[in-house]
Each structure stands twice: as C-alpha cells, then as structure tokens.
Amino acid sequence: MNHNDLLEKIRDRMPTKRFEHTKGVATTAIHLAEKYGEDKDKAEIAGILHDVVKFADREWLKQNILSEQLDPMLLTFHHELWHGPVGSIVAKKEFFIEDEDILQSIRFHTTGRADMSNLEKIIYISDMIEPSRSFPGIEVLREKAEIDLEDAMISCVTHSIKFLIEKKQPVYPDSFHCYNDLLKRKE
Ligand code: DGI
Ligand code: FE
Ligand code: FE
Ligand code: FE
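Numbering-wise (UniProt numbering), the sequence shown opens with residue 1 and increments by one.
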C-alpha cells in the first residue's frame, strides 16, 4: 500500500486535528530518519499509524488488551496508555505491517521503554515535537532533536515524566525504565 493510501485509510478514524498531528508526526519522523540514517519509509509508516486507535472505544481497547495478551497492568493505568499497544496489534492485523521495528515504535510511542531502537526514539520524539504541538519548552526539544538523538530522547522522556509528576499522575514503569536505561548508557 502506498503511503497516501495508508493516510487516507486512517483519515476517518480520527478528528481533523488528530489527523493533522498524525501527518506532522510522519513528516517529522521522515526528517529525523534522514538525519540519523534510519529507514525513511519505516519512519513514515510508523508515524502514520502510531495513533491509529487513539479514538477507538475504550471498552474495545480493553478487550483487545485482554484477548491479545498485552500487559494486563496497562488496565490499572490511565486509558491513554492503551492506544499504543493496541495500535501495534491493529497495524499488524488490519494494515498488514510485519516489520517488528515499526510495530514496536507504535507500541511504545507513549511510554518509551528500555533498550529502544533508533526508530522507536524517532517516533517518540516526533510525537512530542511535530509542528502542530505547542507547550512551554518545546523549542528546546526541537533544537535538541536536530543535534543528537540520544540527548533529545533523554530530554523528551524527562519532560514527560516531570509533567506527569507535576500533575500527580501515576507513571507507567516503562517510562522509568526508558529514562534509567538512557542515563546508564551515557555513563
Ligand atoms: O497520543 P498523543 O496525544 O499524540 O501522545 P501520547 O500517546 O504520547 O500520550 C498520550 C497521553 O498519555 C498524554 O496526555 C500523556 C499520557 N501519558 C503518557 N505516559 C503516561 C501517561 N499518563 C499516565 N497516567 N502515565 C504515564 O506513564
Ligand atoms: Fe499517542
Ligand atoms: Fe508522546
Ligand atoms: Fe501522537
């Protein structure tokens, strides 16, 4: 399937604003893939599909987590954490994506994890910094993404964890594993 067809297939699964975000993630991911020597095609596909079930019915997402034997602990955390893991299943079953790196990039785009591939980092970062996103501190993250992928990833995951802590929200363990792993590798 060519990428425009893929984009058209997901257009009616989300509101216009989310569709614009999706296109922004795909474009940013292509740019970062080019910069850091990763596969641009894979980056685009992962970008297009990363939020494919963001607006799916909550009960349906829950059933998928159970039937696909995804981490049941997800159900004890905020439902916002469900669309990445279920999205990777949908990408495989409905969009016939077989590439594990693309599937993992979709799966972990919200939390990150330890031992991320470059493609996973590219999708995580692109999700935060794509052109339609706006929050205090985003310019620094955008600048870092142009300079160093690891450093940008550390800053992005740190920003996410800080944001959750400030809101007194629970933090899913993979986000901490991601943060710890990145820092240990820097030593
Ligand atoms: O789907 P997007 O809005 O593009 O972005 P996302 O998938 O990165 O994040 C969706 C939401 O999930 C965002 O509002 C923050 C929230 N979130 C991310 N990590 C955690 C989390 N919420 C909780 N409670 N715990 C987490 O670890
Ligand atoms: Fe998302
Ligand atoms: Fe994100
Ligand atoms: Fe997103």
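We treat Cβ as the ideally placed atom computed from N, Cα and C, and that holds for glycine.
Model, not experiment: these values are computed from the prediction.
Original post:
In the UniProt domain "HD" (18-132), which residue ranges form an unbroken alpha helix (DSSP H) of at least 4 residues, counting only runs that do not cross its ends?
Top reply: 40-49, 58-67, 83-93, 100-107 and 118-129
Original post:
To the nearest angstrom, how far is it from the Cα of residue 166 to the Cα of residue 137?
Top reply: 15 Å
Original post:
Hey, residue 53 and residue 25 are a contact pair by Cβ (cut 8 Å); roughly how many whole angstroms apart?
Top reply: Not confirmed; about 15 Å, so no contact.
Subject >> Residues near ligand 2, criterion Cβ-heavy atom distance below 7 Å >> reply: 50, 51, 54, 83, 84, 109, 110 and 127
Original post:
Under the criterion of a Cβ to heavy atom distance below 8 Å, does residue 67 qualify as lining ligand 1?
Top reply: no
Original post:
Do residue 32 and residue 161 have their C-beta atoms closer together than 9 Å?
Top reply: no
Original post:
Does the pairing of the region 9-24 with the region 38-52 give three or more beta-carbon distances under 8 Å?
Top reply: yes
Original post:
Is the Cβ-Cβ distance between residue 43 and residue 123 less than 9 Å?
Top reply: yes
Original post:
CA-CA distance, residue 47 and residue 187?
Top reply: 31 Å
Original post:
Does the region 112-121 touch the region 149-157, meaning 3 or more C-beta pairs lie closer than 8 Å?
Top reply: yes
**OP:** Please confirm if the region 78-87 is in contact with the region 106-117, defined as three or more CB-CB distances below 8 Å between the two stretches.
**Re:** yes
**OP:** Determine the burial state of residue 80: buried for a count of at least 16 other Cβ atoms within 10 Å of its Cβ, exposed for fewer.
**Re:** exposed
Subject >> Candidates 58, 4 and 21, of which the one nearest residue 134 by Cα >> reply: 21
Original post:
Taking just the CA atoms, how far does residue 2 sit from residue 175?
Top reply: 33 Å
Original post:
Taking C-beta to C-beta, are residue 117 and residue 99 nearer than 9 Å?
Top reply: no
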